[in-house]
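Engineer: Mapping of the sequence shown onto our numbering: residues 354 to 503, in sequence order.
For glycine and all other residues, C-beta sits at the position ideal for the given N, C-alpha and C.
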Amino acid sequence: MPRILALFIINKAGGLIFQRLFGAMPQTTRGNDYLRLLSTFHSLHTIASRVSPVPSGGIEVLEADSFKIQCFQTPTGEILIQAKFAAQFRVGIKFVLFAETGMGQMDGLLRQIYEFYADFVLKNPFYEMDQVIKSEYFDAKLAEVIPTSA
């Protein structure tokens with residue numbers, strides 16, 4: 354049965370503000386590799402939303418032979434208006450799940466994680482926007498919905 358391997362949360366500027374590994378990732382992957390990977394994904398997501406001939410939210414699903422990446426961008430965030438093309442681009446926080454190939458749609462799970470984020474991170478009076486997320490309640494809720502496997 355396919356498993357969720359990791360969850361990453363990227364802020365509006367493309368910075369990695371949360372990472373949690375749930376399964377065995379490739380041994381060659383180091384901490385900085387995640388940062389490079391997610392920065393690249395953020396850039397591609399933004400470029401895809403801007404070059405699309407129709408209004409687009411960017412890359413939502415990327416599937417390869419050995420893994421699947423699914424992204425959910427928050428419905429709120431800054432709206433950038435590019436006058437030259439008379440287009441608007443939404444820039445929000447991105448929730449990115451890595452899973453094994455064969456994992457079905459993860460939209461519901463991503464929205465549930467977003468709700469946990471809104472309830473346990475954003476409502477925390479000590480949390481500053483776009484900073485690294487450190488919340489025991491958020492971690493506990495993630496553990497309830499995503500099983501950890503070695």
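Can you name, in chain order, every residue of its own chain whose Cβ lies under 7 Å from the Cβ of GLN484, other than the five neighbours on each side?
Structural biologist: Locating residue 484 in the sequence shown gives position 131, counting from the first residue. For GLN484, where only same-chain residues beyond five positions count, the Cβ hits under 7 Å are ILE370.
Engineer: Identify which residue in LEU475, ILE422, LYS476, GLU468 has its Cα closest to the Cα of GLY455.
Structural biologist: The sequence position of residue 455 within the sequence shown is 102, counting from 1. Answer by Cα proximity: ILE422.
Engineer: So the alpha helix (DSSP H) VAL498 belongs to, where does it begin and stop?
Structural biologist: Taking the sequence shown and counting its residues from 1, the one referred to as residue 498 is at position 145. VAL498 -> alpha helix (DSSP H) spans 489-498.
Engineer: Strictly by DSSP, which residues pair up with GLN372?
Structural biologist: Reading the sequence shown from its first residue, position 19 is the one you call residue 372. GLN372 pairs with PHE361.
Engineer: Roughly how many whole angstroms lie between the Cα atoms of ILE434 and TYR490?
Structural biologist: Counting from 1 along the sequence shown, the entry for residue 434 is found at position 81. Counting from 1 along the sequence shown, the entry for residue 490 is found at position 137. Model confidence at ILE434 stands at a pLDDT of 45, short of 50, so the residue's coordinates are unreliable and nothing is read from them.
Engineer: Does the Cβ-Cβ distance between ILE446 and ILE363 come in under 8 Å?
Structural biologist: As a first step, residue 446 must be located in the sequence shown, where it is residue number 93. As a first step, residue 363 must be located in the sequence shown, where it is residue number 10. Yes.
Engineer: If you reduce the DSSP assignment to three classes, tell me which class ILE400 lands in.
Structural biologist: Along the sequence shown, one-based indexing puts residue 400 at 47. Reduced to three states, the DSSP call for ILE400 is helix.
Engineer: In this structure, how does DSSP classify VAL474 when only helix, strand and coil are distinguished?
Structural biologist: As a first step, residue 474 is located in the sequence shown; it is residue number 121 there, counting from the start. Residue state, collapsed to three classes: helix.
Engineer: Report the CB separation of PHE473 from LYS494 in whole angstroms; it is logged as a contact under 8 Å.
Structural biologist: In the sequence shown, the residue the question calls residue 473 occupies position 120. In the sequence shown, the residue the question calls residue 494 occupies position 141. Sure, about 6 Å apart at Cβ, within 8 Å.
Engineer: Excluding sequence positions up to five away, which residues of its chain have a Cβ less than 6 Å from the Cβ of LEU462?
Structural biologist: Taking the sequence shown and counting its residues from 1, the one referred to as residue 462 is at position 109. Cβ within range, chain order: n/a, list empty.
Engineer: Report the CB separation of VAL449 from CYS424 in whole angstroms; it is logged as a contact under 8 Å.
Structural biologist: Reading the sequence shown from its first residue, position 96 is the one you call residue 449. Reading the sequence shown from its first residue, position 71 is the one you call residue 424. About 5 Å; that satisfies the 8 Å criterion.
Engineer: Tell me the residue span of the beta strand (DSSP E) that contains GLN423.
Structural biologist: Position 70 of the sequence shown, counted from the start, is the residue given in the question as residue 423. Segment 421-426, the beta strand (DSSP E) holding GLN423.
Engineer: Applying the criterion that 16 or more other CB atoms from any shown protein chain within 10 Å of the CB defines a buried residue, is ALA452 buried or exposed?
Structural biologist: Within the sequence shown, residue 452 is the residue found at index 99, counting from 1. With 16 or more Cβ atoms within 10 Å of its Cβ, ALA452 is classed as buried.
Engineer: Could you give the C-beta distance for GLY411 and THR399, rounded to a whole number, given that I count them as a contact under 8 Å?
Structural biologist: In the sequence shown, counting from the first residue as 1, residue 411 sits at position 58. In the sequence shown, counting from the first residue as 1, residue 399 sits at position 46. Sure, about 6 Å apart at Cβ, within 8 Å.
Engineer: Which of the three DSSP states is assigned to PHE448 in this structure?
Structural biologist: Counted from its first residue, the sequence shown places residue 448 at position 95. DSSP places PHE448 in strand when its eight states are reduced to three.
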